[in-house]
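Asks: In the working numbering, the protein residues as written are 1 to 396. We put the beta carbon where it would ideally sit given N, CA and C, even for glycine. This is the structure, below, for whatever I ask next.
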Ligand code: PLP
């Protein structure tokens, strides 16, 4: 029998704040009622603010982030279009696979997992593409499998410096509402996310923000689509309605979570994620373990992928944490299976929760055969949370 709280430290779905859970506890309602539209229109405005966009068209598709990827591609591109993508983790790999399945001509740049989007290489390819054959560039802003955040602003600069007209697609599934994301400033044309990570809601919504340029492309795109048709959505969304049945409970939850983000302040939300993540990273470093992310500039503030020593199977660490300590950590995906475990540190989170994650990870690591000093990771994070960058002077 399990007692006490179950701890969820996976990088999505994330912990849902109690007020968001309560906001979803409403009877079913008529999604064609005269006052229903007001709920949805407020969500569009709130999501634009979270994505830092004044004018993007926002779509909420019943689905998940993967559905939003498909909607982004099928509404704006044409069969056989050339697109530029990199593969540097499991999610960027899946995005490449989807693009290929949908009939795009994908120019893939493979990068070792742990690196980010290869901005300089993108710039070189874009510079060589004098005819503008490349119709879109895809960036996985935060590669959840490796805990790597990429430089979207750098990709925008590469496009601008090569005077390239390609659309900029960004997967912000594990960054939006947690890591700095600037749709308008970075000239992002299609931003994709889901409801279950930084937005602290259940899974169930594939969320898209679309620039005017991408909306314009959607009027000429000939890829096949039906359910995900932007123009059907746009017509109904104008008054806050949907062409099909929306998940109304999640919409109520999203209204509450957006209100929470506004009350905390988006900048403060982003700073909190950075502070909490830095404490976790200091804990990992005190254990003598490495992150998959190759260098500090790439460190993700929403998830840390932690390598275990070669003789240890990371699946055992995850199993012990789950079975013995009621705690879920993220598993290593694809080529990282057995080699890493991941601590998700995004959404509704605070210092105490991160210290729990580190304390439980220490026990599971030690029991799996990793040599470390129990308490060392927790102490390093405590020092940072208590005294910030002055921790060394204050604790000695
Ligand atoms: N992209 C990234 C970066 C993700 O982390 C995920 C899910 O974890 C996805 C895409 C897929 O999203 P979903 O599971 O909501 O379909």
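Residues bridged to residue 140 by DSSP?
Replies: 171
Asks: Please classify residue 97: does DSSP put it in a helix, a strand, or coil?
Replies: helix
Asks: When DSSP labels each residue in this structure, what does residue 299 get in the three-state scheme?
Replies: Here residue 299 sits in strand by DSSP.
Asks: What residue from 31, 29, 38 has the CA that sits closest to residue 255's CA?
Replies: Of the candidates 31, 29, 38, 38 places its Cα closest to the Cα of residue 255.
Asks: What separation, rounded to the nearest whole angstrom, lies between the Cα atoms of residue 293 and residue 304?
Replies: About 8 Å.
Asks: Could you tell me the alpha carbon to alpha carbon distance between residue 283 and residue 316, rounded to whole angstroms?
Replies: 20 Å
Asks: Looking only at DSSP bridge pairs, what is residue 7 linked to?
Replies: DSSP lists 327 as partners of residue 7.
Asks: Is residue 12 near ligand 1, going by C-beta to nearest heavy atom under 7 Å?
Replies: yes
Asks: Do residue 91 and ligand 1 come close, with the Cβ less than 7 Å from some heavy atom?
Replies: yes
Asks: Do residue 174 and ligand 1 come close, with the Cβ less than 7 Å from some heavy atom?
Replies: yes
Asks: On a Cα-Cα basis, can you pick out the residue from 8, 52, 12, 1 that is closest to residue 261?
Replies: Just measuring C-alpha positions, the residue of 8, 52, 12, 1 sitting nearest residue 261 is 52.
Asks: Just curious, the alpha helix (DSSP H) that residue 154 is in, first and last residue?
Replies: 152-161
Asks: Using 8 Å as the cut-off, can you tell me whether the region 215-224 makes contact with the region 193-203, which would need three or more C-beta pairs spanning the two stretches below that distance?
Replies: no
Asks: Along the chain, where does the alpha helix (DSSP H) containing residue 191 start, and where does it finish?
Replies: Taken as a continuous stretch (DSSP letters only), residue 191 belongs to no alpha helix (DSSP H), being part of the beta strand (DSSP E) at 190-194.
Asks: Taking 7 Å as the cut-off, is the beta-carbon of residue 140 closer than that to any non-hydrogen atom of ligand 1?
Replies: Yes, since a heavy atom of ligand 1 falls inside the 7 Å radius drawn around the Cβ of residue 140.
Asks: Determine, using beta carbons only, whether residue 174 and residue 12 come nearer to each other than 8 Å.
Replies: yes
Asks: Since residue 134 contacts residue 84 with CB under 8 Å, what's their CB separation in whole angstroms?
Replies: 5 Å
Asks: Is it true that the region 158-170 meets the region 103-115, where meeting means three or more beta-carbon pairs spaced less than 8 Å apart?
Replies: Taking a cut-off of 8 Å for Cβ pairs, the region 158-170 and the region 103-115 do not touch, as fewer than three such pairs fall below it.
Asks: Is the CB-CB distance between residue 273 and residue 179 below 8 Å?
Replies: In contact: residue 273 and residue 179 (Cβ atoms closer than 8 Å).
Asks: Tell me whether the beta-carbon of residue 397 lies closer than 8 Å to the beta-carbon of residue 300.
Replies: With the chain covering only 1 through 396, there is no way to say anything about residue 397.
Asks: Have a look at residue 121 and residue 250 and give me their C-alpha separation to the nearest angstrom.
Replies: 40 Å
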